[in-house]
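Participant:
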Amino acid sequence: MPQNDVVTLPPLEWRKWKPLPHWRKSHFRPLEERFWQYVQRAGANECWEWTRRCAPYGQISLGGSRGAERLYSHRASWLIHYGAIPDGKHVLHKCDNGRCVNPRHLFLGTQADNNRDRDRKGRGVKPPVLRGKDHPRQARKLTDAQVLEIRRSTEPTRILTARYGMSRSGINFIRAGTRWQHLGE
Ligand SMILES: [Zn+2]
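Sequential numbering from 191 applies to the sequence shown in the working numbering.
Written out as structure tokens, the structure reads:
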């Protein structure tokens, strides 16, 4: 390939004169500085909570670009306070608060420790999915038979709202099949 066809990227110095958009500026600030911006600091022994979305834990970008690798916020806290995390080690919470990044509440453990910890604290058990009359919002209202009656009924909505003590939208949702889908029909 002739040398002329090689596309060269602009030199890094472009950053010096071209203003960065705000979302790039934020990624070039040091990790530590960005970290503290999102932490609600409290007393030395209290939980310091991450104020951004936590599902299941807070996250922070390693920085440098928009698509940069992300890091859990409690792991970032370990990095900032104690240094590198040994390979394969997990940063665990003594306080069982996933939002917490207080370094005093963190400790290093293995995957096995993590599992033991989770089981002991009763995490990782999914609540059952409640449907139909077992659903707390529906329990007081309708039986399965009544739902089917409403679906089959050709009576005006206002008659049904009075009979079943439902709102118009409640009746309409049942008729449209949006609610009580598990009953079929
Ligand atoms: Zn804590």
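We put the beta carbon where it would ideally sit given N, CA and C, even for glycine.
In this text, all values refer to a predicted model and were calculated from it rather than measured experimentally.
How far does the beta strand (DSSP E) with R358 in it extend, from its first residue to its last?
Facilitator: The residue labelled residue 358 in the question sits at position 168 within the sequence shown. Not the beta strand (DSSP E): R358 falls in the alpha helix (DSSP H), residues R358 to A366.
Participant: May I ask you to report which of helix, strand or coil DSSP gives S251?
Facilitator: As a first step, residue 251 must be located in the sequence shown, where it is residue number 61. Of the three classes helix, strand and coil, the one that applies to S251 here is strand, per DSSP.
Participant: Which residue or residues does DSSP assign as beta-bridge partners of F225?
Facilitator: Numbered from its first residue, the sequence shown carries residue 225 at position 35. Paired residue(s): none; F225 is not in a bridge.
Participant: Closest by CA to C290, which one among P220, P211, T347 and R265?
Facilitator: Indexing the sequence shown from 1 puts residue 290 at position 100. It is R265 whose Cα lies nearest to the Cα of C290.
Participant: Could you name the residues of the same chain whose beta carbon sits closer than 7 Å to that of F297, not counting the 5 residues immediately before and after it, in chain order?
Facilitator: Within the sequence shown, the letter at position 107 stands for residue 297. Correct list, in chain order: L282 and K284.
Participant: Can you tell me the Cβ-Cβ gap for Q230 and W238, rounded? I've got them flagged as a contact below 8 Å.
Facilitator: Counting from one through the sequence shown, the residue named residue 230 turns up at place 40. Counting from one through the sequence shown, the residue named residue 238 turns up at place 48. That pair is a contact at about 6 Å.
Participant: DSSP three-state call for E236: helix, strand or coil?
Facilitator: Here residue 236 refers to the residue found at position 46 when the sequence shown is read from its first residue. Looking at E236 - three-state DSSP - the assignment turns out to be coil, as it is neither helix nor strand.
Participant: How many Å lie between A352 and V319 at the Cα?
Facilitator: Counted from its first residue, the sequence shown places residue 352 at position 162. Counted from its first residue, the sequence shown places residue 319 at position 129. Going by the C-alpha atoms only, they are around 30 Å apart.
Participant: Shorter than 6 Å, the distance from the beta carbon of C237 to the closest heavy atom of ligand 1, or not?
Facilitator: As a working note, residue 237 is residue 47 in the sequence shown. The answer is yes for C237.
Participant: Assuming Y354 contacts Q336 under a Cβ cut-off of 8 Å, what Cβ separation, rounded to an integer in Å, is found between them?
Facilitator: Translated into the one-based positions of the sequence shown, residue 354 becomes position 164. Translated into the one-based positions of the sequence shown, residue 336 becomes position 146. That belief holds up - the Cβ atoms of Y354 and Q336 are roughly 6 Å apart, short of 8 Å.
Participant: Should C290 be counted as a contact of ligand 1 given a C-beta to heavy atom distance under 6 Å?
Facilitator: Counted from its first residue, the sequence shown places residue 290 at position 100. Yes, ligand 1 has a heavy atom inside 6 Å of this Cβ.
Participant: Using DSSP's beta-bridge definition, name the partner residues of R260.
Facilitator: Indexing the sequence shown from 1 puts residue 260 at position 70. Answer is S251, bridged to R260.
Participant: For a test of your reading of the model: does the CB of C244 fall under 6 Å from any non-hydrogen atom of ligand 1? Yes or no.
Facilitator: Mapped onto the sequence shown, residue 244 falls at position 54. C244: no, Cβ never under 6 Å from ligand 1.
Participant: When you compare each of N362, G254, I250 and A245 to W268 by their alpha carbons, which one comes out closest?
Facilitator: The count along the sequence shown starts at 1 and reaches residue 268 at position 78. Per the Cα distances, I250.
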